[in-house]
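These notes concern the structure reproduced below.
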Amino acid sequence: MTDYFSPDLKGISPYTPGEQPQDKRYIKLNTNESPFPPALGVEQAAKEQAAKLYLYSDPSCMPLKQAAAKLYGLKVENVLCGNGSDEVLFLIFRAFCSGVKGMACPDVSYGFYPVLCGLLDIPYTPVPLKSDFTIYPPDYASINHNVCIANPNAQTGIYLDISGVEEILKQSKNRIVVVDEAYIDFGGSSAVSLLKNYKNLIVVQTMSKSRSLAGGRVGFAFADSGIIADLEAVRYSFNPYNINRMSMYAAIKSIEDSEYFSLCVDKIVHSRAYTVRELKNLGFEVLPSSANFVLAKHSNMGGEELYLKLKEQGILVRHLSDERIKDYVRITIGAHGQMAKLVAAIKKILYNRVQE
Ligand SMILES: *Cc1c(COP(=O)(O)O)cnc(C)c1O
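Everything in the sequence shown is counted per this note's numbering, starting at 8 for the first residue and increasing by one.
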């Protein structure tokens with residue numbers, strides 16, 4: 008850290024992304040990407056835009072807003088487009104959480120929330136999940152800060168049903184409630200249906216997980232038009248051309264192919280059921296997941312050790328060192344063949360261990 012670095016930033020602790028190894032070919036089950044390529048036509052759409060890269064992209068993101076609005080029967084005034092939902096989260100935290108407004112999040116959730124609070128000097132309140140790792144809405148009633156939950160929750164995969172989300176909204180007339188739905192397509196119904204009744208609700212979604220576009224960096228906020236206008240004011244003060252033209256048209260193509268989207272999601276859901284069954288047969292405790300990953304632990308082997316042994320076998324999963332989940336590994340649900348290889352590798356690891 009140089010002496011030039013702003014003193015108020017000296018304490019920040021940046022987010023640690025999952026490994027993206029460029030050297031060796033792993034079965035990659037560590038960052039919740041889709042195992043399937045983008046929809047047909049996505050590559051062509053990006054190529055056509057590549058020829059126009061000398062021109063700026065549309066700062067209003069209008070064609071992409073239209074495509075995203077149509078998905079949920081919303082108006083374009085209800086949609087914000089971001090360079091990944093990480094940027095959407097940045098804009099929300101910057102717009103609504105300064106000073107005393109603050110942010111409260113589950114203690115086990117997406118690691119980016121406290122990181123953003125650190126960067127933006129936002130007071131942060133972690134709200135402990137129950138011992139079964141569920142979100143308990145009454146826990147949020149007495150907190151004055153804004154609220155941000157991931158649903159299904161990051162790291163645990165557990166889904167809070169829509170009545171639970173509404174319960175948090177009911178307690179929260181004077182604050183913003185952000186529902187980060189990065190994993191909603193893998194199980195659960197979107198809180199978008201609550202937008203008409205709650206002007207303080209912001210639903211965040213991404214094309215990175217269920218729509219095979221992690222490298223394209225496209226995410227959304229859906230909210231009341233006033234909230235979106237506030238967010239647009241911040242976006243235009245930060246990066247008006249935030250969606251590059253290749254990603255914009257790739258995303259539109261991807262959204263239009265709803266059949267391929269459903270096919271991919273169905274495959275993941277089946278693959279998840281298979282994985283959970285096999286892991287439980289091998290003696291794992293597996294949290295009930297509505298996402299494209301599972302959090303699992305085995306009483307004979309710690310999370311970090313299992314992560315390292317799987318890596319030796321060419322399979323990458325994620326080990327998170329947060330105190331409450333350090334005994335677990337987080338396994339992204341890939342295609343069936345990948346999960347069969349994972350199960351075989353785990354059998355070998357646990358069997359060798361017994362032989363020692
Ligand atoms: C993956 C993820 C994101 C970030 O998605 P991008 O759109 O790729 O930036 C946001 N929130 C949660 C809970 C996630 O798991």
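Ideal Cβ positions, reconstructed from N, Cα and C, are used throughout, including at glycine.
Across the structure, F12 and P21 are spaced so that their CA atoms are roughly 15 Å apart. Taking non-hydrogen atoms of ligand 1 into account, the C-beta of N39 is found less than 7 Å away from one of them.
Around the beta carbon of Y61, fewer than 16 other beta carbons sit within 10 angstroms, so the residue counts as exposed. Excluding residues up to 5 positions away in sequence, T213 and K216 lie with their Cβ nearer than 6 Å to the Cβ of A189 in the same chain.
Taken atom to atom, the span from the alpha-carbon of P130 to that of G109 is near 5 Å. By the CB criterion at 8 Å, I235 and A74 fall outside the cutoff.
With a cut-off of 8 Å on Cβ pairs, the stretch 223 to 231 is in contact with the stretch 189 to 205, counting three or more such pairs.
Put simply, the residues with a CB less than 5 Å from any heavy atom of ligand 1 are G91, S92, D93, Y117, A157, A161, D187, A189, T213, S215 and G226, in chain order. Within the same chain, L81, N85, L208, V210, F229, A230 and D231 come within 8 Å of L202 by CB-CB distance, once the 5 residues on both sides are set aside. In the DSSP assignment, G89 forms a beta bridge with G226. In the structure shown, the three-state DSSP call for M69 is helix. For V293, the enclosing beta strand (DSSP E) has its first and last residue at F291 to V293. Contact annotation: S297 and G171 have beta-carbon atoms that are not nearer than 8 Å.
In the displayed model, L323 falls within a strand according to three-state DSSP.
Taking a cut-off of 8 Å on C-beta distances, the stretch 88 to 101 does not touch the stretch 273 to 288, as fewer than three cross pairs fall below it.
Per DSSP, D187 lies in no alpha helix (DSSP H); the unbroken beta strand (DSSP E) holding it starts and ends at V184 to D187.
DSSP places P159 outside both helix and strand once states are collapsed to three, so it counts as coil.
L302 is bridged by DSSP to R337.
Per DSSP, reduced to three states, the secondary structure at V115 is coil, with no helix or strand assignment.
In the DSSP assignment, V211 falls within the beta strand (DSSP E) that extends over L208 to T213. K137 sits in coil when the DSSP states are folded into three classes, being neither helix nor strand. It is roughly 15 Å from the alpha-carbon of Q56 to the alpha-carbon of N249. Checking the DSSP bridge columns, you'll see Y131 partnered with M110.
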